[in-house]
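There are 2 protein chains.
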Amino acid sequence: MYIGIDVGGTNIKIASFDGLSNPKIVEFEKFDVNNDYKLDLKNILHTVDKLSSEELKGVGIGIPGTLEDENKEVVICPNLLDWNGRKIVHDLENEFTCPVKAENDTTLAAIGEATYGGGRDQEFVFFIWGTAIGGTEIKLSGGKLVVDRFEPGHQIVEGGKELEAIVGGAGIKRNFGKGAEDLEEENWNKILPVMAKGITNVLVVRPTKLVIFGGGVALNKSEKVYRLRSLLKDYLKIYPVPKFKISSLGEHAALFGALTLFE
Amino acid sequence: MYIGIDVGGTNIKIASFDGLSNPKIVEFEKFDVNNDYKLDLKNILHTVDKLSSEELKGVGIGIPGTLEDENKEVVICPNLLDWNGRKIVHDLENEFTCPVKAENDTTLAAIGEATYGGGRDQEFVFFIWGTAIGGTEIKLSGGKLVVDRFEPGHQIVEGGKELEAIVGGAGIKRNFGKGAEDLEEENWNKILPVMAKGITNVLVVRPTKLVIFGGGVALNKSEKVYRLRSLLKDYLKIYPVPKFKISSLGEHAALFGALTLFE
Numbered sequence: 001m002y003i004g005i006d007v008g009g010t011n012i013k014i015a016s017f018d019g020l021s022n023p024k025i026v027e028f029e030k031f032d033v034n035n036d037y038k039l040d041l042k043n044i045l046h047t048v049d050k051l052s053s054e055e056l057k058g059v060g061i062g063i064p065g066t067l068e069d070e071n072k073e074v075v076i077c078p079n080l081l082d083w084n085g086r087k088i089v090h091d092l093e094n095e096f097t098c099p100v101k102a103e104n105d106t107t108l109a110a111i112g113e114a115t116y117g118g119g120r121d122q123e124f125v126f127f128i129w130g131t132a133i134g135g136t137e138i139k140l141s142g143g144k145l146v147v148d149r150f151e152p153g154h155q156i157v158e159g160g161k162e163l164e165a166i167v168g169g170a171g172i173k174r175n176f177g178k179g180a181e182d183l184e185e186e187n188w189n190k191i192l193p194v195m196a197k198g199i200t201n202v203l204v205v206r207p208t209k210l211v212i213f214g215g216g217v218a219l220n221k222s223e224k225v226y227r228l229r230s231l232l233k234d235y236l237k238i239y240p241v242p243k244f245k246i247s248s249l250g251e252h253a254a255l256f257g258a259l260t261l262f263e
Numbered sequence: 001m002y003i004g005i006d007v008g009g010t011n012i013k014i015a016s017f018d019g020l021s022n023p024k025i026v027e028f029e030k031f032d033v034n035n036d037y038k039l040d041l042k043n044i045l046h047t048v049d050k051l052s053s054e055e056l057k058g059v060g061i062g063i064p065g066t067l068e069d070e071n072k073e074v075v076i077c078p079n080l081l082d083w084n085g086r087k088i089v090h091d092l093e094n095e096f097t098c099p100v101k102a103e104n105d106t107t108l109a110a111i112g113e114a115t116y117g118g119g120r121d122q123e124f125v126f127f128i129w130g131t132a133i134g135g136t137e138i139k140l141s142g143g144k145l146v147v148d149r150f151e152p153g154h155q156i157v158e159g160g161k162e163l164e165a166i167v168g169g170a171g172i173k174r175n176f177g178k179g180a181e182d183l184e185e186e187n188w189n190k191i192l193p194v195m196a197k198g199i200t201n202v203l204v205v206r207p208t209k210l211v212i213f214g215g216g217v218a219l220n221k222s223e224k225v226y227r228l229r230s231l232l233k234d235y236l237k238i239y240p241v242p243k244f245k246i247s248s249l250g251e252h253a254a255l256f257g258a259l260t261l262f263e
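For the record, the sequence lines run as chains A and B.
Using full-length UniProt numbering, you'd call the opening residue of the first sequence number 1 and step up by one each time.
Using full-length UniProt numbering, you'd call the opening residue of the second sequence number 1 and step up by one each time.
The following block contains the structure:
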């Protein structure tokens with residue numbers, strides 16, 4: 001049995017899997033993140049314990065930030081500041097006898113989609129539209145995945161502001177006083193053209209035939225993603241507008257991706 | 001003896017080279033482009049003839065557009081419309097007994113810089129700031145170059161306009177009524193912040209430690225490129241500001257790159 005953990009800016013998801021080949025989720029839980037490392041770690045350990053019905057062979061964890069020291073330490077975690085500088089792999093290794101590995105959450109989600117989801121055998125840009133905005137490009141080279149993470153949310157768009165600050169999930173909450181799930185049509189009419197420009201700016205720098213969308217906003221508002229694609233035709237002139245897909249693994253993408261750390 | 005030809009939006013450059021290993025330019029000429037394919041071709045043939053003091057072993061040509069049919073036909077050439085749809089390789093093969101090969105000019109310039117210039121043994125983003133704005137990323141994989149061209153000039157910046165339309169060489173001429181070489185300080189004060197945002201938007205999508213600049217505007221106004229780098233610190237927050245270099249091969253970069261078509 002393997003455990004996947006996905007620490008996000010809003011919640012933490014944990015799944016137990018039956019194995020690595022053609023894996024299936026045995027149990028799944030999701031709970032709030034507190035941005036209090038010790039409390040979050042306690043909740044993670046408690047939940048892993050609850051979901052582990054068999055001997056653990058590996059625990060993989062996705063972190064919404066940058067890791068160093070051979071991916072053992074969180075060095076920058078902009079949306080969970082109390083996780084900055086934490087030795088997460090070390091702290092989990094203290095609790096488990098199996099191997100523990102960590103990786104950036106966007107990278108894991110893209111690799112999950114490329115390995116077990118709708119991106120299998122394809123080259124694509126994985127675009128995360130959740131609390132934050134992230135991106136990873138998957139290319140294939142001799143049957144192997146070439147994985148390139150980038151930060152589209154930090155591009156400068158209207159009025160010198162960053163894309164994420166305007167239309168990321170947290171930005172939407174700040175700017176419109178409510179979450180993406182409660183927005184009205186007039187709010188979307190302001191958000192979607194900004195996002196369409198932001199995606200255009202990604203696509204002229206990383207041309208691709210397929211964009212797969214993940215992240216809470218995209219997963220819960222998939223009809224907006226398809227409206228985005230129509231808007232794109234007004235902005236993207238130099239390349240054909242690519243196909244848009246919603247992540248087939250949905251909110252489980254990074255959990256599946258965590259399994260690939262043990263292949 | 002090899003010939004490199006670089007067809008640009010403003011002029012055509014041609015050089016003869018003494019060979020492929022540690023190549024040196026024997027003779028060089030530069031003349032206006034007419035956006036009249038037959039006339040341009042006639043001028044190219046005349047100049048190649050003049051510069052060819054020995055038997056030709058290869059003629060390589062860079063085109064400011066997109067090639068298809070195994071790089072034998074120009075399919076889109078936005079700044080030289082009369083070159084659209086022209087079978088340039090076929091037309092040159094009719095005149096020479098040696099092999100003729102074509103490639104996009106930005107790609108050739110980046111490969112030239114990576115093979116014979118200041119980008120040797122390094123990974124970098126090559127940013128062309130000339131009549132048009134172009135980009136190519138060079139990565140190294142097992143000692144080999146991995147070359148990825150993209151179109152940063154077509155990103156959407158201020159007021160829904162494309163970057164190139166505002167601050168590309170041709171755009172500058174349209175917007176300010178004079179070329180980059182004649183601009184005044186107040187013009188640059190408008191241009192540089194827009195370009196700094198444009199470069200930021202490239203760097204968040206293609207993070208790199210080194211940007212090498214080519215193209216007429218950058219080569220003739222290198223002090224503006226270094227001012228750009230200081231401005232970048234206001235916009236690029238998520239990654240360290242990379243090193244900036246001016247192409248060491250200058251206006252010859254694509255000509256050197258053309259040699260690599262015969263390696």
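From the three backbone atoms N, C-alpha and C, an ideal C-beta is built for every residue, glycine too.
* Asked: What distance in whole Å lies between the Cβ atoms of Ala132/A and Asn79/A, which are believed to be in contact at a cut-off of 8 Å?
  -> For this step, residue 79/A is matched to residue 79 along the first sequence. For this step, residue 132/A is matched to residue 132 along the first sequence. Contact flag correct, Cβ pair sits at about 6 Å.
* Reduced DSSP category for Tyr116/A - H, G, I as helix; E, B as strand; rest coil -> In the first sequence, residue 116/A corresponds to position 116, counting from 1. Helix, per DSSP.
* What is the DSSP secondary structure of Asn43/A, reduced to helix, strand or coil? -> Counting from 1 along the first sequence, the entry for residue 43/A is found at position 43. Of the three classes helix, strand and coil, the one that applies to Asn43/A here is helix, per DSSP.
* Asked: Who are the Cβ neighbours of Val33/A in its own chain at under 8 Å, not counting the five residues just before and after it?
  -> Locating residue 33/A in the first sequence gives position 33, where the first residue counts as 1. Cβ within range, chain order: Val7, Gly8, Gly9, Thr10, Asn11, Ile12, Asp40 and Leu80.
* Quick one: residues in its chain with C-beta nearer than 6 Å to the C-beta of His154/A, no 5 flanking neighbours on either side, listed in chain order? => As a first step, residue 154/A is located in the first sequence; it is residue number 154 there, counting from the start. Here the set comprises Glu162.
* To do: Taking all protein chains shown into account, decide if Asp148/A is buried (16 or more other Cβ within 10 angstroms of its Cβ) or exposed.
  => For the purposes of this step, residue 148/A is taken as residue 148 along the first sequence, with counting starting at 1. Looking at its Cβ environment, which holds 16 or more other Cβ atoms inside 10 Å, Asp148/A is buried.
* In whole angstroms, what is the alpha-carbon distance linking His252/B and Val194/A? -> Here residue 252/B corresponds to residue number 252 of the second sequence, with the count starting at 1. Here residue 194/A corresponds to residue number 194 of the first sequence, with the count starting at 1. Whole-angstrom Cα-Cα distance: 39 Å.
* Cα separation between Ala114/A and Thr200/A? -> Here the question's residue 114/A lines up with position 114 in the first sequence. Here the question's residue 200/A lines up with position 200 in the first sequence. If I take the Cα positions, the gap works out to 22 Å.
* Asked: Can you tell me the Cα-Cα spacing of Asp36/B and Asn43/B, whole angstroms?
  -> Position 36 of the second sequence, counting from 1, holds the residue named residue 36/B. Position 43 of the second sequence, counting from 1, holds the residue named residue 43/B. Roughly 11 Å between the two C-alpha positions.
* **Under 8 Å from the C-beta of Thr131/A: neighbouring residues of chain B** => Counting from one through the first sequence, the residue named residue 131/A turns up at place 131. Chain B residues near Thr131/A: none, gap ~16 Å exceeds 8 Å.
* Asked: Is it the case that the Cβ atoms of Phe213/A and Phe150/A are separated by a distance below 7 Å?
  -> Looking up residue 213/A in the first sequence gives position 213. Looking up residue 150/A in the first sequence gives position 150. No, Cβ-Cβ distance for Phe213/A and Phe150/A is not below 7 Å.
* **Start-to-end residues for the alpha helix (DSSP H) that takes in Tyr2/B** => Position 2 of the second sequence, counting from 1, holds the residue named residue 2/B. Note, Tyr2/B: premise wrong, no alpha helix (DSSP H); beta strand (DSSP E) at Tyr2 to Val7.
* Between Asp18/A and the rest of its own chain, which residues show a CB-CB distance below 6 Å, the 5 nearest in sequence each way excluded? -> The count along the first sequence starts at 1 and reaches residue 18/A at position 18. Only Lys24 and Val26 meet the Cβ criterion.
* **Assigned secondary structure, Leu145/A (DSSP; H/G/I helix, E/B strand, else coil)** => Numbered from its first residue, the first sequence carries residue 145/A at position 145. It is a strand residue.
* **Nearest to Thr107/B (by Cα), restricted to the options Glu123/B, Gly134/B and Phe262/B** => In the second sequence, the residue the question calls residue 107/B occupies position 107. It is Gly134/B.
* Pairwise C-alpha distance: Lys72/A and Glu93/A -> Within the first sequence, residue 93/A is the residue found at index 93, counting from 1. Within the first sequence, residue 72/A is the residue found at index 72, counting from 1. Going by the C-alpha atoms only, they are around 10 Å apart.
* To do: Assess, as a yes-or-no matter, whether the region 222 to 231 of chain B is touched by the region 177 to 192 of chain B under the definition of 3 or more beta carbon pairs within less than 8 Å.
  => yes
* **Delimiting residues of the alpha helix (DSSP H) encompassing Ser16/A** => Against the first sequence, residue 16/A aligns to sequence position 16. First-last for Ser16/A: Asn11 to Phe17, but that is the beta strand (DSSP E), not the alpha helix (DSSP H).
* DSSP three-state assignment for Asp234/B, whether helix, strand or coil -> For this step, residue 234/B is matched to residue 234 along the second sequence. Coil.
* To do: Starting from the N-terminal side, write out each stretch of the beta strand (DSSP E) that is 3 residues or longer and does not extend beyond the region 33 to 106 of chain B.
  => 58 to 63, 66 to 68, 73 to 76 and 100 to 104
* Asked: Under 7 Å, do Val125/A and Arg206/A count as touching if we go by C-beta distance?
  -> Taking the first sequence and counting its residues from 1, the one referred to as residue 125/A is at position 125. Taking the first sequence and counting its residues from 1, the one referred to as residue 206/A is at position 206. Yes, Cβ-Cβ distance for Val125/A and Arg206/A is below 7 Å.
* DSSP three-state call for Lys30/A: helix, strand or coil? -> Counting from one through the first sequence, the residue named residue 30/A turns up at place 30. If DSSP states are grouped into helix, strand and coil, Lys30/A belongs with the strands.
* Asked: Curious, which full-length alpha helix (DSSP H) runs of at least 4 residues does the region 156 to 196 of chain B contain?
  -> 163 to 167 and 169 to 176
* With DSSP as the reference, label Val225/A as helix, strand or coil. => Here residue 225/A is taken as the residue at index 225 of the first sequence, counted from 1. In this structure, Val225/A counts as helix in the three-state DSSP scheme.
* Asked: Would you call Pro64/B buried or exposed, if buried means 16 or more other Cβ atoms sit within 10 Å of its Cβ?
  -> Counted from its first residue, the second sequence places residue 64/B at position 64. Buried: at least 16 other Cβ atoms inside 10 Å.
* Are the Cβ atoms of Ala196/B and Leu232/B separated by less than 7 Å? -> The count along the second sequence starts at 1 and reaches residue 196/B at position 196. The count along the second sequence starts at 1 and reaches residue 232/B at position 232. It is a contact, given that the beta carbons lie within the stated cut-off.
* Phe213/B: contacting residues in chain A (beta-carbon distance under 9 Å) -> Taking the first residue of the second sequence as 1, we reach residue 213/B at position 213. Residues of chain A passing the Cβ test: none, with the nearest at roughly 16 Å.
* When you compare only the Cα positions, how much space is there between Glu186/A and Gly168/A? -> Within the first sequence, the letter at position 186 stands for residue 186/A. Within the first sequence, the letter at position 168 stands for residue 168/A. Going from the Cα of Glu186/A to the Cα of Gly168/A covers about 17 Å.
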